[in-house]
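Below you'll find the structure, written out as structure tokens, and then a few comments.
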Amino acid sequence: MRYAPYPDEYASVADMGNAQLLEYFLTRIFETEEVWVLDDGIEWLLDERGERLCMPVWPYKKYAAECAIAEWGHYTPAGLSLEVFMQQALELLTEEDAVLEVMPRPGAVGCTIRPSQLISILEGMIDAGEYRMDG
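Here it is, written out as structure tokens:
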């Protein structure tokens, strides 16, 4: 299992649209069984986006680390197991009426999705046999 993007895929992310970012994120989190967030040692980053809270997420530490700058500079990348992400983070975000921002990059926004939508997609992939959560 690899835990960093290949150089060519890393370079191609800058040109991806929302649908491609989401597909890339889903593929890679199932491959690595982890999701990366930013954490300040007390809690995960929830950024304000207009009237809503937003949690940025990435499939690899490299992408998260690149965003730990400027106003997010006091945060560090933190890996969550896919199981913790699905059972705790997405449920918490649903309760908070927050959204996820999939793969924001320095100077570029990511794909915004509601936790309930992402849960539905992930469960659909599991039910279709595209992924089996061990444990």
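Each residue of the sequence shown is one higher than the one before, starting from 0 at the first, in numbering that gives the first Met the number 0. Ideal Cβ placement from N, Cα and C applies to all residues, glycine included.
DSSP state of residue i mapped onto helix, strand, coil
i    : result
V108 : coil
P55  : strand
E100 : strand
First through last residue of the beta strand (DSSP E) which encompasses residue i
i   : result
A77 : T75 to S80
R48 : D46 to R48
D38 : E33 to D38
For residue j and residue i, the rounded distance between their alpha carbons
i    : j    : result
G134 : L121 : Confidence at G134 is low in this model, with a pLDDT of 42, below 50, so the placement of that residue should be treated as unreliable; the coordinate-derived value is given next. Taking the straight line joining both Cα atoms gives about 17 Å.
A69  : Q87  : 28 Å
A3   : E90  : 27 Å
G123 : W43  : 26 Å
Best match in the options for proximity to residue i [C-alpha to C-alpha]
i   : options                : result
Y59 : A18, F29, G123 and Q19 : F29
V36 : R104, S115 and G123    : R104
Bounding residues of the alpha helix (DSSP H) (the contiguous stretch that carries residue i)
i    : result
E70  : Note, E70: premise wrong, no alpha helix (DSSP H); not H, not E.
Q116 : P114 to D126
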